[in-house]
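Residue numbers (the working numbering): 1 to 113. We treat Cβ as the ideally placed atom computed from N, Cα and C, and that holds for glycine. These notes concern the structure reproduced below.
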Amino acid sequence: TGLSPGATDQLLRHAWPGNVRELENAMERAVALAPGSRVELEDLPEEIRQACPIPIATLGTIRPLEEIEKDYILAALALNGGNQTRTAEQLQIGSATLYRKLKSYGLIGASRS
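Here is the structure:
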């Protein structure tokens, strides 16, 4: 199963406040709803379809870079179906670096592929 460009863009825009569990649930639901072999924008859960871009500032306060990076990594993992090797390649970082970041953000739990 692949992702359409529209679904990809929308997954990148979502802030993923529920972290890995929310991401996994959203992807499982989207794959189940997709009539074909590709997940389209309309197959994503409503709350994901209406997502705003990942905010870098809230009420005049800049978010810490660590929070923005964490959200971005979660979005990249979503695009790659949780595959950490492909995610690291897409982010142009080493697999070990991605693993350390996932561990430091408390996101370890997704299987390492």
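Taking the alpha-carbon positions, what's the Val20 to Ile62 distance?
What you label residue 20 is simply residue 20 of the sequence shown in a count that begins at 1. What you label residue 62 is simply residue 62 of the sequence shown in a count that begins at 1. Answer to the nearest angstrom: the Cα atoms are 24 Å apart.
Exposure of Ala26, with buried meaning 16 or more beta-carbon neighbours within 10 Å
Residue numbering aside, residue 26 sits at position 26 when the sequence shown is read from its first letter. Buried, because 16 or more other Cβ atoms sit within 10 Å of the Cβ of Ala26.
Going by the beta-carbon positions, is the gap between Leu11 and Ile48 smaller than 8 Å?
Within the sequence shown, residue 11 is the residue found at index 11, counting from 1. Within the sequence shown, residue 48 is the residue found at index 48, counting from 1. Against a cut-off of 8 Å, the Cβ pair of Ile48 and Leu11 comes out as a contact.
Strictly by DSSP, which residues pair up with Leu3?
Position 3 of the sequence shown, counted from the first residue, corresponds to residue 3. DSSP, once it has assigned bridges, lists Val39 as partnering Leu3.
Nearest to Gln90 by alpha carbon, out of Leu77, Asp71, Tyr99?
Counted from its first residue, the sequence shown places residue 90 at position 90. The option with the nearest alpha carbon to Gln90 is Leu77.
Outcome for Asp9 when other beta-carbon atoms lying within 10 angstroms are tallied against a minimum of 16
On the sequence shown, position 9 is the one that residue 9 refers to. Asp9 should be labelled exposed.
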